[in-house]
Amino acid sequence: MHIIKNNPFTRDPETVEERLYMTFLYNTPRADMVRRLQKPKQSEEHYVFGDKIIFLYYPNGYGTAVMNNNAFEKGLKVAATTRNWKTVNKLYEMIK
């Protein structure tokens with residue numbers, strides 16, 4: 145519930161929910177690795193790091209995203225899995 149309530153992109157009424165994603169990190173990445181990826185390479189791709197999670201917003205869709213799951217795994221040197229906002233919410237409903 146904490147991650148759902150703290151998604152920084154859901155506060156913006158202009159956000160299209162179908163463009164929201166979350167990347168769950170299996171381990172905490174090193175701080176220097178996170179700093180290197182803090183600034184998105186593509187201006188239309190937005191992401192915010194949390195604790196073992198990355199909140200993502202891709203206005204042009206995930207399919208063409210440069211900073212996708214593979215890019216985060218490679219850049220942070222940790223295993224990760226990315227899910228869309230609808231799936232994250234469904235999973236939460238199933239476990240609550």
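Counting in our numbering, the sequence shown runs from 145 upward without gaps. For each residue, glycine too, the CB sits at the ideal point set by N, CA and C. Predicted model only: the values in this text are computed from it and were never measured.
Open item on the list: Taking only three categories from DSSP, how would you classify N204?
Closed with: coil
TODO: Could you say if the region 166-175 and the region 201-209 meet the contact criterion of at least three C-beta pairs nearer than 8 Å?
DONE: no
Task: Spatial neighbours of N151 in its chain, beta-carbon cut-off 6 Å, leaving aside the 5 residues before and after - done: F199
Task: V192 to I147 span [Cα, whole Å] - done: Going from the Cα of V192 to the Cα of I147 covers about 12 Å.
TODO: Could you please give me the residues that DSSP links to H190 through a beta bridge?
DONE: Y201
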